[in-house]
Structures are given as C-alpha cells and as structure tokens.
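Peer 1: Chains A and B are the protein sequences, given in the same order. Quick note on numbering: this note's numbering labels position 160 of the first sequence as 238, and the sequence is numbered without any gaps. Quick note on numbering: this note's numbering labels position 184 of the second sequence as 190, and the sequence is numbered without any gaps. Virtual Cβ for every residue (Gly too), placed ideally from N, Cα, C. Please read all numbers here as calculations on a predicted model, not as lab measurements. Encoded as structure tokens, here's the structure I'll be asking about.
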Amino acid sequence: MIDIQLIGLLNATLQAATLLFIAALGELITEKSGILNLGVEGMISVGAVTGFMTAINTENIFLAVLVGVLSSSIFASIHALVTVVLKQDQTVSGLILTILGLALSSLLGKNYVGRKLVTKLESVSSITEPSNIIEVLISQNIIFYLAVVLMISTSFVLKRTMFGRRLEAVGEDSKSSDSMGLKVAKTQFIATCVGGAFAGLSGVYLTLSYVPYWTDNMTSGRGWIALALVIFGGWKPYRTALGALLFGFLEALVPRLQTYGFELSPYIVKITPYVITILVLVILTIYKGGKTGAPRNIGVPFFRENR
Amino acid sequence: MNNFKLFKRQTVNELSTFYSFLIGFIIAIIIGSIILLIQDKNPIDTFSLMLRLSVGSVNSLSSSLNKAIPLILAGLGISIINSVKLWNIGAEGQIFLGAIAVNFIYINTQFNNPSFHILVLLLAGFVGGSVCILIPAITKVVFGVNEIITTLLTNYIVFGVTIFLINGPWKDPKSLNFPAAAYVGEEVFLPTVIGKLSFGFLICILFTFVAHYLKNKSVFGFEMRIAGGSAMTAIYAGINAKQKAFIAMLIGGGFAGLAGAIELLSQTHRVSTGISQGFGYTAIIVAAITGMRPLGIFLVGSLFGALSIGGSVIQTIGVSTYIADIIQASTLFGALIIQFFFTYQIKRVEND
Numbered sequence: 079m080i081d082i083q084l085i086g087l088l089n090a091t092l093q094a095a096t097l098l099f100i101a102a103l104g105e106l107i108t109e110k111s112g113i114l115n116l117g118v119e120g121m122i123s124v125g126a127v128t129g130f131m132t133a134i135n136t137e138n139i140f141l142a143v144l145v146g147v148l149s150s151s152i153f154a155s156i157h158a159l160v161t162v163v164l165k166q167d168q169t170v171s172g173l174i175l176t177i178l179g180l181a182l183s184s185l186l187g188k189n190y191v192g193r194k195l196v197t198k199l200e201s202v203s204s205i206t207e208p209s210n211i212i213e214v215l216i217s218q219n220i221i222f223y224l225a226v227v228l229m230i231s232t233s234f235v236l237k238r239t240m241f242g243r244r245l246e247a248v249g250e251d252s253k254s255s256d257s258m259g260l261k262v263a264k265t266q267f268i269a270t271c272v273g274g275a276f277a278g279l280s281g282v283y284l285t286l287s288y289v290p291y292w293t294d295n296m297t298s299g300r301g302w303i304a305l306a307l308v309i310f311g312g313w314k315p316y317r318t319a320l321g322a323l324l325f326g327f328l329e330a331l332v333p334r335l336q337t338y339g340f341e342l343s344p345y346i347v348k349i350t351p352y353v354i355t356i357l358v359l360v361i362l363t364i365y366k367g368g369k370t371g372a373p374r375n376i377g378v379p380f381f382r383e384n385r
Numbered sequence: 007m008n009n010f011k012l013f014k015r016q017t018v019n020e021l022s023t024f025y026s027f028l029i030g031f032i033i034a035i036i037i038g039s040i041i042l043l044i045q046d047k048n049p050i051d052t053f054s055l056m057l058r059l060s061v062g063s064v065n066s067l068s069s070s071l072n073k074a075i076p077l078i079l080a081g082l083g084i085s086i087i088n089s090v091k092l093w094n095i096g097a098e099g100q101i102f103l104g105a106i107a108v109n110f111i112y113i114n115t116q117f118n119n120p121s122f123h124i125l126v127l128l129l130a131g132f133v134g135g136s137v138c139i140l141i142p143a144i145t146k147v148v149f150g151v152n153e154i155i156t157t158l159l160t161n162y163i164v165f166g167v168t169i170f171l172i173n174g175p176w177k178d179p180k181s182l183n184f185p186a187a188a189y190v191g192e193e194v195f196l197p198t199v200i201g202k203l204s205f206g207f208l209i210c211i212l213f214t215f216v217a218h219y220l221k222n223k224s225v226f227g228f229e230m231r232i233a234g235g236s237a238m239t240a241i242y243a244g245i246n247a248k249q250k251a252f253i254a255m256l257i258g259g260g261f262a263g264l265a266g267a268i269e270l271l272s273q274t275h276r277v278s279t280g281i282s283q284g285f286g287y288t289a290i291i292v293a294a295i296t297g298m299r300p301l302g303i304f305l306v307g308s309l310f311g312a313l314s315i316g317g318s319v320i321q322t323i324g325v326s327t328y329i330a331d332i333i334q335a336s337t338l339f340g341a342l343i344i345q346f347f348f349t350y351q352i353k354r355v356e357n358d
C-alpha cells in the first residue's frame, strides 16, 4: 500500500513543477536565440491577472487562457522592441519588464483581489482522490499534459526543424548567421514573444488552477526560479523538466515537513527553496567547471557593421 | 531602390543620457495620463495634486527627500557594483539586513554617548548590507555563479528571516496584530535638519560624493573599470579582477545596508516589513536610467522619491499607488528607446 501522504506529495510536486517548467521552457527558447529576458516574473504576473480577469468576466476558460497567453506575449514584445530592434541592454530591459509587469498587474487586478472563480481549469479525469501513482498521473490538470506535449515538441523543434536550427545558430553566432542570410532580428523577436506566451500560460495556470485566486505579487519569485531552472537544465528541455520536478518537489515538500515530524518555524521553512536554489546553482557551476551550455551570444546585442 | 541602414554614430552626445531621461519622463507622464483617463480620472488634476503634495511645502518636500534617501543610497551601491560589470538585484534584501543588523547591535550593546551610539548603529547597517551580499559575492568570485539570480534570491531569504524575527524572537508584545520588533530608544533617533528632513539626507549627500570619487577619481575606481573590462587587460595590468569584484560588491551592498539603517533610525524606528517598500527595486531603475552616474542617481533618486510620495498620497482620491511605479518603469523604457537614436543613425542608402 502506498501512503496517502506520499500520493499527496507527488500530486503537489507535479503541479508545482508544471508551473515552473512552462515558464522555464519559454525562457529557454528565448535564450536559445541569444536574448536574455529577466522579465519572466513580470510576464507570468501579466498572464496571471489578464487570464483571471477574463475568466471572471466571461466565465469562458478557453478565452481566459488565450487572453493570458496573448497579453504576456505582447508584453514580452516590449523587451523584443527595446533589445532586438533598438539594441539596448538586455539586463536593464528585462529587469524593468519585471517591475513594470508587477506594477501593471497590481493596477489591473485591483478590483479582482479576493474574487472567486466560477469556472476553473479542471483535471481531465473524474478521479478526485487518487490512490496510486497511475491514478495521480492520469488525473492531472490539462495544463500538465500540455506541458508534457510542449516539452517534447520544443525539444523536437529545437533539434530537428529548420526553425530550431536557425534559432540555435543565431544564439551561438549572430554575425555568421547574418552573413549566411538568416534573419537574426526576426528570429530573436519571435523567440522573445514565444517566451512571453509560455510565461503567460504559466501565469494562467497559477490563477485559474494552482492557487486559484488573484492577489498582488502572487508570483512570489517563481519567475526567478524559472530563470535558475534554465541554467540548471543546461539549456536542454528534458533536463530543465527534471530540474522543475526537483524544485516542484521542494515546494511541495516544505509545507509538509511538519506532518513528517520535523519541528521547524513555518517562516524559516518558507525560505528553504530559495536557499536550495542557490546551493544547487553553486554545485552545478562547480560540477560543470564553467561549461554551462549557455548560448554563446546571450546578452550581446546584434549589430551589423555597415561601411 | 532605396533602403534604410543602421550606422553606429562616431561620437555620442555627452548629455545624451540626460536628454533620454527627460524625453523618457515625458513619455512616462503621457502613459500615466492615458492610464488615468481610462480610470476616469483627470490627469492634469491628479498630477498637479501629486506635485503639490510632494514638493508644495517644506513638510512635503522633506518627506519626498526622506523617501529619496534609500533610493539614492541603494542606487549608488548598484552603480559601484556595476563598475565591475556586475549586477546587484539584491538591494531590497540588503536594506532589510542592514536594519536587522542595527537592531541586533542596539539590543546587545550599551553606549553612554548617543552620537557615538548612532555612528556605531549606522556602521552596523553598512556591515549588515555587506554580509547580505557576501554569499552572492563569494559564489560569483570563487565559482562564477550568476550574481543576478543569487542576489535576487537573497531578497526572498532575507525577507523570510525578517518575518521570522518579527513574529518570533523579536516580536514586540505591544505591537498586537501588526508583527514588528520593539521600538528603538529615542536617544538613537536620527535628528531632523529642516522641517521633517532627516539627517540621513546629509549622509546621503556625503555618500554621493564618496561614490563619485570612488568610481571616477580614485585608483580603485580605475582598477574596478579595468577588472570589469576584458580579463586579459586586467592580467596585463596586474590587477586582481576577482578581488576588485569582491570588494566592489561588499561596498555596494554596504551602501544599501546603510539605507536600511537610516530608514530604521529616522522613519520606522523599529524592524518591520515596512523598512523597505520596494526601494531596492526602484533603485535599479534609478541607477540604470542615469547610466550609473552617482550625481545623476542623486538627482533622479530625489525626483523618484517625490514621485513615490505623490503616488502614495493620491490613494486618497482613489488612484492606485502603482501609477508611480508604472511612471518610473516607463521612464526607463522611454529613455532606452531615445538612447537608441543617440547611439545609432538611420541612413538612406541606394542599393545597386
């Protein structure tokens, strides 16, 4: 017999991992093109609030997801405009995207704090109390399966399609890519918007299923953990998923520690995922000895020298 | 056929950062007005009210400048760390740990001379900020771990520690439902200069010049710039780049920690979650918008302080405080867009 608590832990792990993974996967795609977007936290927040508002007003869950994803993508295009078209500093632009995104979503969501959803993103099967691992796996939220599909297809697109190869070429060496006739700016612009769309999906999952309500700053650093996950995963979709599971496990484990008999202050317990994130980053950097697998041109604006 | 091509300008106007900021600010005001119009508020009335309540009297002006202190000090810290081309996103946590260090020293020491006591506490704040950035600094210098993510994560860690302290060991029973540590004694309050203007603002002016000297005039500043440049140049020049980066990070963290100390000793008078209201994040905008220039940080920090005060008082007429945040962030985005036109030139070329 499997412990019912263990089932609950597994369930919570998968949910937390899904949220982190989708945002991380989007950032992975953006970074592959050589654009660093530190605005993940802000983009998740924008997707979360716009999706929630749409769900409250229309009670149409499909439309809510669509609006959340699109608005985050449009929001990310500010970063694309500033860094790809206007070649400004990616670190500054991304940071401000986070600050702007959090402020904007607080402004938008002011009248939606504490409102209850009529329709939520539901699980696909009718099992409400899973009793074994298989039942846990088949009773997940639809976004979980979407994340699995996105993982497989992203990996496939990056490795096996022309678009993916172009994306990687641009991120590795934009100058050579340009002289080969690849459209550097267009590729980077698309990759940034796709990253935004993924963050938006992660955001709507947050407000329409994971929590599910809206309050200020509810992303609580998940966007930054997603950024760490990309480094953790060495810019590879499957390894990033593994990292997301690990971090999801930690997020799920922490509130349960007391039920397992650990006497810890809940306030201290809350900070452990952040401490562990730093530890993992350190161990990983030592282990890989500097060969992190980062795209070579990341953070470097591309400019074609004209004579 | 005509075609447009991009050229990098040979020389960039020296005042380009200033002009970019100015135009960026105008763009941000326009964006702010649009948001206000959507919310059925009159932008001209709202902004003139903000102006009046933030700089209209000695009292409101001094509140604005008090608000500017943490923005300026944390911004200066960020600019010092940026000399070695590193980012400090952890100013928010450093402000909190600075305040925590002040309270820790206050609880555990006894001094007879109040001026000396205050001096010790301010120093404790500086050290607290340095301690906060110690882990990111060590992991960056020794292992090469990305400092953007580690400094950011320390914010969440320090905030968690703050919540723990004010709900646990330091909880003041008299504070009832609002968790906070006990007030510090009046003997260590920072004095005021004019109106409500805190003595901390004079410290701020002093540290602006210290940062300016450190970055632009001192040997260490020169070494920091080399260390932040190419690794080979640093080796040829015999400069230990890692050591410079490490020291720069500790100093920069200390500046933010000092901001926390001043905030505690002049505003909140106790450790609570109100020690910083996102000052560490706004400071990033302040530092970036000025191109990391200490004197610019002082001016823009003062302006943003007034903007924050203006933003918090217009709540009373039903306008969201976040309008100030949005104006600040949009100013930087606007400035970045304008900066493009100062550094690049679009020319029409004829194709053959």
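#1: Inspect the CB distances between the stretch 254 to 261 of chain B and the stretch 32 to 51 of chain B and report whether three or more fall short of 8 angstroms.
#2: So valine 312 of chain A contacts chain B; which residues on that side make the cut at Cβ distance below 7 angstroms?
#3: Does any C-beta atom of chain B lie closer than 7 angstroms to the C-beta of isoleucine 122 of chain A?
#4: Can you pull the chain A residues whose beta carbon is under 7 angstroms from the beta carbon of alanine 294 of chain B, in chain order?
#5: Per DSSP, what kind of secondary structure is glycine 340 of chain B in: helix, strand or coil?
#6: For a test of your reading of the model: does the CB of phenylalanine 117 of chain B fall under 6 angstroms from any non-hydrogen atom of the ligand MN? Yes or no.
#7: Between the stretch 288 to 306 of chain B and the stretch 76 to 96 of chain B, do at least 3 Cβ pairs fall closer than 8 angstroms?
#8: Could you give the residue range of the beta strand (DSSP E) that holds valine 355 of chain B?
#9: What number of angstroms, rounded off, separates the C-alpha of glycine 131 of chain B from the C-alpha of threonine 327 of chain B?
#10: Within a Cβ cutoff of 8 angstroms, which residues of the same chain sit near threonine 355 of chain A, ignoring the five residues on either side of it in sequence?
#11: Could you name the residues of the same chain whose beta carbon sits closer than 6 angstroms to that of threonine 23 of chain B, not counting the 5 residues immediately before and after it, in chain order?
#12: Going by DSSP in three states, methionine 79 of chain A sits in which element: helix, strand or coil?
#13: Under 7 angstroms, Cβ to Cβ, is there at least one residue of chain B near valine 360 of chain A?
#14: For glycine 299 of chain A, would you say it is in contact with chain B, using Cβ-to-Cβ distances shorter than 7 angstroms as the test?
#15: Kindly say whether tyrosine 328 of chain B, judged by its beta-carbon, lies nearer than 7 angstroms to any beta-carbon of chain A.
#16: Threonine 145 of chain B touches chain A at which residues, Cβ-Cβ below 9 angstroms?
#17: Counting only runs that start and end within the stretch 77 to 159 of chain B, where is the alpha helix (DSSP H) found for 4 or more residues in a row?
#18: Mind checking if lysine 348 of chain A is an interface residue toward chain B, Cβ cutoff 7 angstroms exclusive?
#19: Taking the alpha-carbon positions, what's the methionine 79 of chain A to valine 226 of chain A distance?
#20: Between the Cα of proline 185 of chain B and those of B:Asn173, B:Phe195, B:Phe110 and B:Arg299, spot the shortest distance and give me the residue it belongs to.
#21: Taking 7 angstroms as the cut-off, decide whether the C-beta atoms of isoleucine 303 of chain B and isoleucine 75 of chain B are in contact.
#22: Determine the direct distance from the alpha carbon of isoleucine 253 of chain B to that of serine 137 of chain B, and round the result to whole angstroms.
#23: Would valine 277 of chain B and asparagine 109 of chain B qualify as a contact pair, given that the criterion is a beta-carbon distance under 7 angstroms?
#24: Judging by CA-CA distance, which residue of A:Gly242, A:Gly278, A:Phe234 and A:Ala330 is the nearest neighbour of glutamate 119 of chain A?
#25: For lysine 11 of chain B, count the other beta carbons within 10 Å of its own beta carbon; 16 or more makes it buried, fewer makes it exposed. Which is it?
#26: For tyrosine 189 of chain B versus histidine 275 of chain B, is the C-beta spacing smaller than 7 angstroms?
#27: Terminal residues of the continuous alpha helix (DSSP H) containing methionine 56 of chain B?
Peer 2: Considering the structure as presented:
#1: Result no; under three Cβ-Cβ pairs closer than 8 angstroms.
#2: Counted from its first residue, the first sequence places residue 312 of chain A at position 234. The residue asked about is misnamed: residue 312 of chain A is glycine in this sequence, not valine. Simply none; closest approach about 13 angstroms.
#3: Locating residue 122 of chain A in the first sequence gives position 44, counting from the first residue. For isoleucine 122 of chain A, the answer is no, since every Cβ of chain B falls outside 7 angstroms of its Cβ.
#4: Working through the second sequence from its first residue, we reach residue 294 of chain B at position 288. Those are Val170, listed as they occur along chain A.
#5: For the purposes of this step, residue 340 of chain B is identified with residue 334 of the second sequence, where counting begins at 1. DSSP places glycine 340 of chain B in helix when its eight states are reduced to three.
#6: Annotation note on the ligand MN: not contained in the displayed structure, which lists no ligands.
#7: Proximity of the stretch 288 to 306 of chain B to the stretch 76 to 96 of chain B meets the contact definition, three or more beta-carbon pairs being nearer than 8 angstroms.
#8: Residue 355 of chain B sits at position 349 when you count from the first residue of the second sequence. That run of the beta strand (DSSP E) goes 350 to 356.
#9: Working through the second sequence from its first residue, we reach residue 131 of chain B at position 125. Working through the second sequence from its first residue, we reach residue 327 of chain B at position 321. Glycine 131 of chain B and threonine 327 of chain B: Cα-Cα distance of roughly 29 angstroms.
#10: Taking the first residue of the first sequence as position 1, residue 355 of chain A is located at position 277. Counting only Cβ-Cβ distances below 8 angstroms, and skipping sequence neighbours, we find Ile303, Ala306 and Phe325.
#11: For the purposes of this step, residue 23 of chain B is taken as the residue at position 17 of the second sequence. Correct list, in chain order: Gly297.
#12: Locating residue 79 of chain A in the first sequence gives position 1, counting from the first residue. In this predicted model, methionine 79 of chain A has a pLDDT of only 46, less than 50, meaning its place in the structure is not dependable enough to derive any value.
#13: Residue 360 of chain A sits at position 282 when you count from the first residue of the first sequence. True, the Cβ-Cβ gap to chain B drops below 7 angstroms.
#14: Position 221 of the first sequence, counting from 1, holds the residue named residue 299 of chain A. Residue-level contact check: glycine 299 of chain A touches chain B, since one or more beta carbons of chain B fall below 7 angstroms from its beta carbon.
#15: If you number the second sequence from 1, residue 328 of chain B lands on position 322. Yes - at least one Cβ of chain A is within 7 angstroms of the one on tyrosine 328 of chain B.
#16: Stepping through the second sequence from its first residue, residue 145 of chain B is reached at position 139. Residues of chain A passing the Cβ test: Ile356, Leu359, Val360 and Thr363.
#17: For secondary structure counted as the alpha helix (DSSP H) over 4 or more consecutive residues, the stretch 77 to 159 of chain B holds these complete runs in sequence order: 97 to 114 and 120 to 144.
#18: Position 270 of the first sequence holds residue 348 of chain A. At a cut-off of 7 angstroms, the C-beta of lysine 348 of chain A has a neighbouring C-beta in chain B.
#19: Residue 79 of chain A sits at position 1 when you count from the first residue of the first sequence. Residue 226 of chain A sits at position 148 when you count from the first residue of the first sequence. Only weak support is given to the placement of methionine 79 of chain A: the predicted model assigns it a pLDDT of 46, under 50, and the value that follows is read from those uncertain coordinates. In a straight line, the C-alpha of methionine 79 of chain A is about 28 angstroms away from that of valine 226 of chain A.
#20: Within the second sequence, numbered from 1, the residue matching residue 185 of chain B stands at position 179. It is B:Asn173.
#21: Residue numbering aside, residue 303 of chain B sits at position 297 when the second sequence is read from its first letter. Residue numbering aside, residue 75 of chain B sits at position 69 when the second sequence is read from its first letter. Cβ distance not < 7 angstroms, so isoleucine 303 of chain B and isoleucine 75 of chain B don't count as in contact.
#22: Translated into the one-based positions of the second sequence, residue 137 of chain B becomes position 131. Translated into the one-based positions of the second sequence, residue 253 of chain B becomes position 247. Here residue 137 of chain B turns out to be valine, not serine, going by the sequence shown. The alpha-carbon of valine 137 of chain B is positioned some 12 angstroms away from that of isoleucine 253 of chain B.
#23: Sequence index remark: in the second sequence, residue 277 of chain B carries index 271 (1-based). Sequence index remark: in the second sequence, residue 109 of chain B carries index 103 (1-based). Cβ atoms of valine 277 of chain B and asparagine 109 of chain B: closer than 7 angstroms.
#24: Numbered from its first residue, the first sequence carries residue 119 of chain A at position 41. Relative to glutamate 119 of chain A, the option among A:Gly242, A:Gly278, A:Phe234 and A:Ala330 whose CA is nearest is A:Gly278.
#25: Start at 1 with the first residue of the second sequence, and residue 11 of chain B comes out as number 5. Exposed: under 16 other Cβ atoms inside 10 Å.
#26: Mapped onto the second sequence, residue 189 of chain B falls at position 183. Mapped onto the second sequence, residue 275 of chain B falls at position 269. Yes. Within cutoff.
#27: Translated into positions along the second sequence, residue 56 of chain B becomes position 50. Here the alpha helix (DSSP H) through methionine 56 of chain B covers 49 to 61.
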